[in-house]
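Q: In full-length UniProt numbering, the protein residues as written are 1 to 826.
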Amino acid sequence: MHKNEIPGFQTLVSLALDVRWSWNHEADALWQQLDPQLWSQTHNPWVILQTMATDKLQQKLSDPQMRTQIDALEAAREAAHAAPTWFSRQEGASDVKGIAYFSMEFMLTEALPIYVGGLGNVAGDQLKAASDLGVPVTGIGLLYQQGYFRQVIDASGNQQAYYPYNDPGQLPIKPLFTENGEWLRIQVPMPNAPLWLRVWEVTAGRVKLFLLDSNDPANPPFYRGITSQIYGGDSTMRLQQEIVLGIGGWRVLEALNLQPDVCHLNEGHAALAILERTASFMASEKVSFDTAFSTVRAGNLFTTHTAVAAGFDHFEPWLMATYLGTYAAEKLQLSVDQLLALGRQNPADDNERFNMAYLAINGSGAVNAVSRLHSEVSKGLFQPLFNRWNPEDIPVGYVTNGIHVPSWESRAAGAFWAQVGGETGWQNGGEGPAAAILQAPASALWAMRQQARKSLVGYVRRQSGNPALFDEHTLTIGFARRFVPYKRPDLLLRDPNRLVRLLTNYQQPVQLVIAGKAPPADEQGKGIIRHWLQFIHDYNMSAHVVFLPDYDMLMAAHMTGGVDVWLNTPRRPWEACGTSGMKVLVNGGINLSELDGWWAEAYTPQTGWALGDGLEHHDDDDHQDALEAEDLYTTLEQQVVPSFYQRNAAQLPEAWIEMMRQSMAVHTPAFSANRAVREYTLKYYLPGARAYQQRAADHAAVGRSVAQWRKATDRAWDRLEIGEAKVKQEGNEYVFEVPVFLADLSTDAVKVMLYADAVDNLPRAEHELQLTPSPEKTAVVPAKPMQLYRARIPVVRAAADYTVCLQGKHAQAAVPLENRNIYWQH
Ligand SMILES: *Cc1c(COP(=O)(O)O)cnc(C)c1O
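Dropping the structure here:
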């Protein structure tokens, strides 16, 4: 008998193919019963089903009790998916057809290794939160045959990179079939031959993720490996992958007739989806490129994750022409130059490379950064596109990232929260039981912490093969992230003797768990790993410091679940957000971090420790590193270590437990993916869907009007003039009168503003002037018909502080995002 024919097997398949098991543990006992050994090794139900012998399965499934258990679990899963959700209660929710979420990587479970790190973490955790909240998101990504490299450290401390093959048969995914039973395949343009893509389906609770894969036998050999390695190869391969993601991804949605209103681009990698969405709209509505582009952009959201300009993808013009020239001509009615202009700061510069972030900005209705500080940084990065605009007007909002709490909560923490806050704990998202913890006894918090640390110590022992390593009661500090210089993973090594004293203090010892991969081509990063191993060796610190090779999601969960302190030392402001520190919150770990990324907005003295002065120092890195290393040692020596070891009569570290309590109660809900996805929904998805529908209605009447307005302002802008402004004071008001020549623009296409910079204790001021109804005495320059604009504003500062400025204006469009023209009075 084939496995598929065993009664009950298909129900197991449904359970195993829903990676909800990565955060909901109600079926754990079932998998454990089916194959205790495999379960403890893999925690991957799909591998159990694939690997178990048929007769053994048959025997297990012939037990009526087991069958009842399986049916009950499947019924519970289906009921959970059918229950009313947060999203269904939002106003306007029923009008939204869907949100497509494009990302080069997704970190859902270590059983599906299609991620590198932070970006994939954000994507995976947001998909899961969307499932919890019922937000109708569909993910689009790539299935990599090899994924990211696996790390091995050789005897001399060198990082070696291995690329084991991801056997699709062992991954919790299934081929996506069309209605008539064929494997769904998608075609995308490539220079030599069209590329066929296979499509795989991942189920994550209520949400689907579709993965594209070029390893189809129908493809020529030089194309089959396009989706082989994540961020692998050269810039040609990167562009090929982005064509697969953006163009192929949109075509999958079309093939499935999903018609999302909102297209969320997680980083600029996905920006080609904008072009394909435009092409598709042009074809179905029979409208021009400009009208289609202006229509669909209202429904596109671009999330930037980069803190340096070099982080954006750039492609040489010839490469773009080779790969997308024909596509642009045939599908978009654009010349190569017109195509390139969409990704350039200066469209007239033939040498300027195509910047994917610029395409994303040009083609989106909103742009957001991933923390408050990062939005400030991003405004600076995008300033070149918004020439002459004030930095604070550059349209980059922010939604601070969050983590999917149920996925990152340790067993000990899960049991603790259930005990203090009710059985479901964080399972259903929301504010969870945060408030309940304020009443929990200190002893319960500490018992949880002790147990979680113990379990991490067990993990470290198993991973290192040394059953005597580490101590269950010692203050345990964790550090794990990519080993790249700006993260300064060796800041603690600046004064090795001082670190040794800290670790080996007989009364108050410290142990350190370290992990992280250096990018395969980053020699400096690999050097930092060697630096740690050398330190451990030279100072004989192997009882106090362990470097665990091959950092991945599972290891991250063990570490963030068990450490007492999570250390983070990026060079401000390079960390766009950071998420690993958020994973310790639910588990009662405390952050000790540079005031960068999310910690710059989260930190309070009640909830953790801060490094640095909260300022950027671009001039002398080495000097700054020395100061911050000093700050780090001092904080550890004088605050962290003494607080941990100071015990009351009941042997409890009271101050420490209070800090844990505050951090858990205040930060866990605030830095959850649940909060982030609710914010995305209310701030961007619902308004974006409405705006797109409004522009698309009546064969894109509004979209067309936005496009025409843009064109008209671009054409006329150089001819606009501001005449001599007059100001007089009437009582405690100024009356400004400004004549303006609008060339052939209509008065509702332009906004006339008075603007004053912030000075001393006065904030910046903006006032819109109103068109005066009667054109009396407006002919200041007789040859040109001037319009007269007037404003009455309270006298709070010198009249000379104000400058007149012209901007584009359209009732349905975002300025300056959609119209960057600006004219300042000289
Ligand atoms: C959470 C996580 C990250 C992201 O952590 P940062 O704080 O952004 O460095 C990277 N890799 C893995 C495996 C993770 O689990």
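Beta carbons: idealized from backbone N, C-alpha and C, even for Gly.
(1) On the three-state DSSP scale, how would you describe phenylalanine 149?
(2) Under three-state DSSP, which class holds methionine 786?
(3) Can you tell which of Val735, Pro7 and Glu721 has its C-alpha closest to the C-alpha of valine 727?
(4) Report the residue from Met553, Ile793, Arg185 and Asp698 whose alpha carbon sits nearest the alpha carbon of serine 284.
(5) Among Arg498, Asn346 and Val565, whose alpha-carbon lies nearest the alpha-carbon of alanine 452?
(6) At a cut-off of 6 Å, is methionine 448 close to ligand 1 when judged by its beta-carbon and the heavy atoms of the ligand?
(7) Quick check on aspartate 213: does DSSP put it in helix, strand or coil?
(8) For leucine 817, name the three-state secondary structure that DSSP assigns.
(9) Based on Cα-Cα distance, which residue from Ala279, Asp349 and Gly311 lies nearest to alanine 329?
(10) Between tyrosine 539 and alanine 447, what straight-line distance do the alpha-carbon atoms span, to the nearest angstrom?
(11) Can you tell me which of Ala556, Ala758 and Arg571 puts its alpha carbon nearest to the alpha carbon of methionine 582?
(12) Assuming isoleucine 6 and leucine 49 form a contact by the criterion Cβ under 8 Å, report the distance between their Cβ atoms to the nearest whole angstrom.
(13) Any idea which residues DSSP pairs cysteine 805 with across the strands?
(14) DSSP on serine 280, reduced to helix/strand/coil?
(15) Give a yes or no on contact between the stretch 460-470 and the stretch 420-428, applying the rule of three or more CB pairs nearer than 8 Å.
(16) Closer than 6 Å to a non-hydrogen atom of ligand 1 - does that hold for the CB of methionine 104?
(17) Taking the alpha carbon of valine 457 as the reference point, which residue from Ala418, Thr560 and Gly432 has its own alpha carbon closest?
(18) So if DSSP puts glycine 139 in a beta bridge, which residue, or which two residues, is it bridged to?
(19) Tell me whether phenylalanine 671 sits in a helix, a strand or coil according to DSSP, three-state version.
(20) Would you call the CB atoms of serine 364 and asparagine 300 closer than 7 Å?
(21) Nearest CA to the CA of isoleucine 722: which residue from Asn121, Lys711 and Val740?
(22) How far does the beta strand (DSSP E) with residue 841 in it extend, from its first residue to its last?
(23) For lysine 526, which three-state DSSP category applies?
(24) DSSP on threonine 306, reduced to helix/strand/coil?
(25) For ligand 1, I want to know if methionine 541 counts as a neighbour, meaning its beta carbon is within less than 6 Å of at least one of the ligand's heavy atoms.
(26) To the nearest angstrom, report how far apart serine 94 and asparagine 466 are at their CA atoms.
(27) What does the alpha-carbon distance come out to for the pair alanine 673 and glutamate 637?
(28) Would you please verify whether the beta carbon of glycine 232 is less than 7 Å from any beta carbon of chain D?
(29) Report the option in Pro172, Phe281 and Ile477 whose CA atom is closest to the CA atom of aspartate 261.
(30) Leaving out the 5 sequence neighbours to the left and right, which residues in its chain are closer than 6 Å to phenylalanine 87 when beta-carbon positions are compared?
(31) Could you check if proline 194 is buried or exposed, using at least 16 other CB atoms within 10 Å of its CB as the buried criterion?
(32) So for isoleucine 247, helix, strand or coil by DSSP?
(33) Going by CA-CA distance only, name the one from Asn257, His473 and Val370 that's closest to cysteine 577.
(34) Could you work out which residue in Asp63, Phe9, Glu78 and Ala79 is closest to proline 45 when comparing CA atoms only?
(35) Rounded C-beta distance between tyrosine 101 and histidine 269? I'm assuming under 8 Å.
(36) Using only alpha-carbon positions, find the residue among Phe354, Asp234 and Gln729 that is nearest to glutamine 315.
A: Here's the rundown:
(1) coil
(2) Looking at methionine 786 - three-state DSSP - the assignment turns out to be coil, as it is neither helix nor strand.
(3) Val735
(4) For the residues Met553, Ile793, Arg185 and Asp698, the minimum Cα distance to serine 284 belongs to Asp698.
(5) Val565
(6) Judged by the Cβ position, methionine 448 fails to qualify as a neighbour of ligand 1 at the 6 Å threshold, every heavy atom of the ligand being at least this far.
(7) strand
(8) Residue state, collapsed to three classes: coil.
(9) Ala279
(10) 33 Å
(11) Measuring from the Cα of methionine 582, the nearest candidate turns out to be Ala556.
(12) That pair is no contact at about 11 Å.
(13) Looking at the DSSP output, cysteine 805 bridges to Met753 and Trp824.
(14) helix
(15) no
(16) no
(17) Comparing Cα positions, the closest option is Thr560.
(18) Tyr101 and Leu209
(19) coil
(20) Judged by their CB atoms, serine 364 and asparagine 300 are nearer to each other than the 7 Å cut-off.
(21) Val740
(22) No answer is possible for residue 841: it lies beyond the span of the chain, which begins at 1 and ends at 826.
(23) Looking at lysine 526 - three-state DSSP - the assignment turns out to be helix.
(24) coil
(25) no
(26) Those two C-alpha atoms are separated by around 56 Å.
(27) Annotation: alanine 673 to glutamate 637 spans about 34 Å, alpha carbon to alpha carbon.
(28) Annotation note: the requested chain D is absent from the structure, which comprises a single protein chain.
(29) Phe281
(30) Ala93, Leu133, Gly134 and Val135
(31) By the Cβ neighbour-count rule, proline 194 is exposed, with fewer than 16 other Cβ atoms within 10 Å of its own.
(32) Residue state, collapsed to three classes: helix.
(33) With distances taken between Cα atoms, cysteine 577 lies closest to Val370.
(34) Phe9
(35) About 13 Å separates the two Cβ atoms, so there is no contact after all.
(36) Before going further, note that residue 315 is phenylalanine rather than glutamine in the sequence given. Comparing Cα-Cα distances from phenylalanine 315 to each of Phe354, Asp234 and Gln729, the minimum goes to Phe354.
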